[in-house]
Structures are given as structure tokens and as C-alpha cells.
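Structure record follows, encoded as C-alpha cells.
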Amino acid sequence: YPPLEFVSPCLLASFLEKIAVVRWSVLGTKLKDGVDQQVGHIPDTETAVVDPADLSCIHFQGPSSAGGASGAIYSWLGIAKASKSFPQKVRYSIASGLQAV
498 YPPLEFVSPC LLASFLEKIA VVRWSVLGTK LKDGVDQQVG HIPDTETAVV
548 DPADLSCIHF QGPSSAGGAS GAIYSWLGIA KASKSFPQKV RYSIASGLQA
598 V
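When the letters of the sequence shown are read in order and numbered with my numbering, they come out as residues 498 to 598.
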């Protein structure tokens, strides 16, 4: 992707209008008194889900070892317990941080 200084102001403004900053996780939950509570909407087909997994999780450990936000996302997707590793295509496609799109 081009650096922000090369993106037209109109395009950038149009993109930023679509972003909503909320007080809950990507899955619509918020931790209160040690318990996850559903306070927002679960992502729909129009929602981008950003996974904060690091490269060691993607390349070596796989979804079944993830915790935190990544673990919650993988549980929601149904791959947390079933997958000990990501598919080879995923592992080979992501070689450095911030590369997945």
C-alpha cells in the first residue's frame, strides 16, 4: 500500500468515514469483573476482523495455541481447537508483520 502522503485526501476521508471506534472488542464483547459480556454486535459479512497474532503463532504454533484476542477470534471462527497449524498457503503468504490483507 502507498504511504499516506500519496493517498488522495478524498479517498482517505472516504475510508476514515467508514471506521467506527468502539469501547468493545472486535467480537462485540467487553471484559467486566473477569467475565466477557456481549455489549456490541458480532461481526457480520461487511465487517473486517483484524487479527493481532504474531508471526510465531502463524508460522509455528497455530490457532490452537492462541490466547487473548486472537484466541477469541479463532474460537468464533471455529478453528481454535480443530487446527494445530495454519494452512501452508497462509504460513507462506505471511512473512513479516503487517503483511496480511
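Heads up, the beta-carbon is just placed ideally off N, CA and C, and yes, glycines get one too.
Which listed residue (the options) has its alpha carbon closest to that of residue i
i             : options                        : result
threonine 463 : Leu509, Cys507, Gly525         : The structure shown does not extend to residue 463, since the chain is modelled only from 498 through 598, so no value can be given for it.
alanine 550   : Gly594, Thr542, Val504, Gln585 : Gly594
aspartate 541 : Gln596, Leu574, Asp530, Leu528 : Leu574
leucine 552   : Ala569, Ser590, Ile570         : Ser590
lysine 581    : Glu514, Gln558, Ile570         : Gln558
proline 601   : Ile570, Ala569, Gln596, Cys554 : Past the edges of the chain, shown from 498 to 598, lies residue 601, and the structure says nothing about it.
Contact under 8 angstroms by Cβ, residue i with residue j
i             : j             : result
histidine 556 : arginine 588  : yes
valine 523    : valine 546    : yes
alanine 579   : alanine 563   : no
serine 567    : aspartate 548 : yes
lysine 527    : valine 518    : no
Where residue i falls, given that 16 or more other Cβ within 10 Å makes a residue buried
i                 : result
proline 560       : buried
phenylalanine 503 : exposed
isoleucine 516    : exposed
DSSP bridge partner residues for residue i (one or two, in chain order)
i          : result
valine 546 : In DSSP, valine 546 forms no bridge with anything.
valine 532 : Lys529
is_contact[residue i, chain C] using C-beta, thresh 8 angstroms
i           : result
proline 506 : Looking at the structure shown, chain C is missing, and only one protein chain is on hand.
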